[in-house]
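Trainee: What follows is a single structure, and I will ask about it in a moment.
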Amino acid sequence: MTSRTVGVVGAGTMGNGIAQVFAQAGFDVIMADVSQSALDRGLAAISNSLSRLVKKGTLTDNEAVLIVSRIRGSTRLADLAACELVVEAATENAQIKEKIFRELASVVPASTILASNTSSISLTTIAAWVTSPERVIGMHFMNPVPVMQLVEIIRALQTSDDTHARIHALSLELGKTPVTVKDGAGFVSNRVLMPMINEAAFVLYENLATAEDIDTVMKLGMNHPIGPLALADLIGLDTCLSIMDILHREFRDSKYRACPLLVQLVAAGHLGRKSGKGFYRY
Ligand SMILES: NC(=O)c1ccc[n+]([C@@H]2O[C@H](COP(=O)([O-])OP(=O)(O)OC[C@H]3O[C@@H](n4cnc5c(N)ncnc54)[C@H](O)[C@@H]3O)[C@@H](O)[C@H]2O)c1
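Numbering-wise, the sequence shown is residues 126 to 407 according to our numbering.
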């Protein structure tokens, strides 16, 4: 990239992790969010994450200070005007993302790549919101971003070969392993993962086994590092349900019907770890 400045929109769970990995790879980062308090939380999360790396001996104190110094916050998308790449990681809501992409396209040059970290919104739809849609691409990082190896790259129908080549090379530069997929609901990651989680919920719902036993079968029998129900609690049951609903709607196939137990747990506010209760109690 000619400019080494990258914009990240959203300072939440994913945005601050993405900002951190770019800064660790030597890029200057402008992280944008709607409020100073959101930025402060994001910057604090980055400092905590880097402190853990210093404690582990992965980074020196000086390196951590240098990495933090490369990241600045902003509450104005206009401040991203000079970025060669912007990665959007704002709240998973199509209306919010449409507003962001339209505004971004009006402040950055047509050569700036606009990537989205969306888990479920069609990249082809996102690309259609902006001028020069060939510069739009999905860059789906996994949580926690500094730890997880994969970047699922999603090509919109409009994505150019040049945009794809640049994002592929950049993902390698971040130390990640990119895998490119076409744009389809759930991409590959959630298309495969969510029905497995949903099926585990059905097995529990049908009383075939306890949550612990279902997870043990998948951990010890299939070598998964974490069972599907514990993973669902980690992701958030509301997120799992909304992705199942998207798969169901997009493919119009009953095999993606959300398990009634998942629907009930979400209705009860049992969203997993973040609410203290989901398939398990925390
Ligand atoms: N959490 C995960 O495990 C995960 C994994 C992969 C992808 N994603 C995707 O990453 C994106 C972000 O998810 P998250 O978990 O970090 O959410 P989050 O709720 O932790 O953070 C979202 C941030 O976006 C900010 N935001 C909202 N509207 C904005 C706007 N107009 N301009 C700038 N910032 C705005 C919010 O203030 C918040 O700080 C979503 O698209 C989600 O689907 C999440």
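Heads up, the beta-carbon is just placed ideally off N, CA and C, and yes, glycines get one too.
Give me the Cα-Cα distance between V190 and S245, rounded to the nearest whole angstrom.
Mentor: 35 Å
Trainee: Should R227 be labelled buried (16 or more other beta-carbon atoms within 10 Å of its own) or exposed?
Mentor: exposed
Trainee: Would you say the beta carbon of E228 comes nearer than 6 Å to a heavy atom of ligand 1?
Mentor: no
Trainee: Starting from the Cα of T243, find the closest Cα among D158, H395, F266 and S194 and give me that residue.
Mentor: F266
Trainee: Going by beta-carbon coordinates alone, are G403 and L362 separated by less than 7 Å?
Mentor: Taking 7 Å as the Cβ cut-off, G403 and L362 qualify as a contacting pair.
Trainee: Ignoring anything shorter than 3 residues or poking outside the region 267 to 315, list the beta strand (DSSP E) runs there in chain order.
Mentor: 275 to 280 and 302 to 307
Trainee: Rounded to a whole number of angstroms, what is the C-alpha to C-alpha distance between K68 and P350?
Mentor: The chain is shown only over 126 to 407; residue 68 falls outside these bounds and no answer can be derived.
Trainee: Under 6 Å: does the beta carbon of E324 sit that close to some heavy atom of ligand 1?
Mentor: No, ligand 1 has no heavy atom inside 6 Å of this Cβ.
Trainee: Would you say E331 lies against chain C (beta-carbon separation less than 7 Å)?
Mentor: This model lacks chain C altogether, as it is built from one protein chain only.
Trainee: Using 6 Å as the cut-off, classify the Cβ of E217 as near or not near the heavy atoms of ligand 1, replying yes or no.
Mentor: yes
Trainee: What three-state label does DSSP hand A136 in the structure shown?
Mentor: coil
Trainee: Let me know the secondary structure DSSP gives G397 once reduced to three states.
Mentor: strand
Trainee: Could you tell me which uninterrupted alpha helix (DSSP H) segments, each at least 4 residues in length, are contained entirely in the region 230 to 271, listed from first to last along the chain?
Mentor: Counting only runs of 4 or more, we get 248 to 252.
Trainee: Could you tell me if the beta carbon of G137 falls within a distance shorter than 6 Å of some heavy atom in ligand 1?
Mentor: yes
Trainee: So the alpha helix (DSSP H) R374 belongs to, where does it begin and stop?
Mentor: First-last of the alpha helix (DSSP H) with R374: L362 to F376.
Trainee: Any contact of the region 198 to 209 with the region 176 to 188, i.e. 3+ C-beta pairs under 8 Å?
Mentor: no
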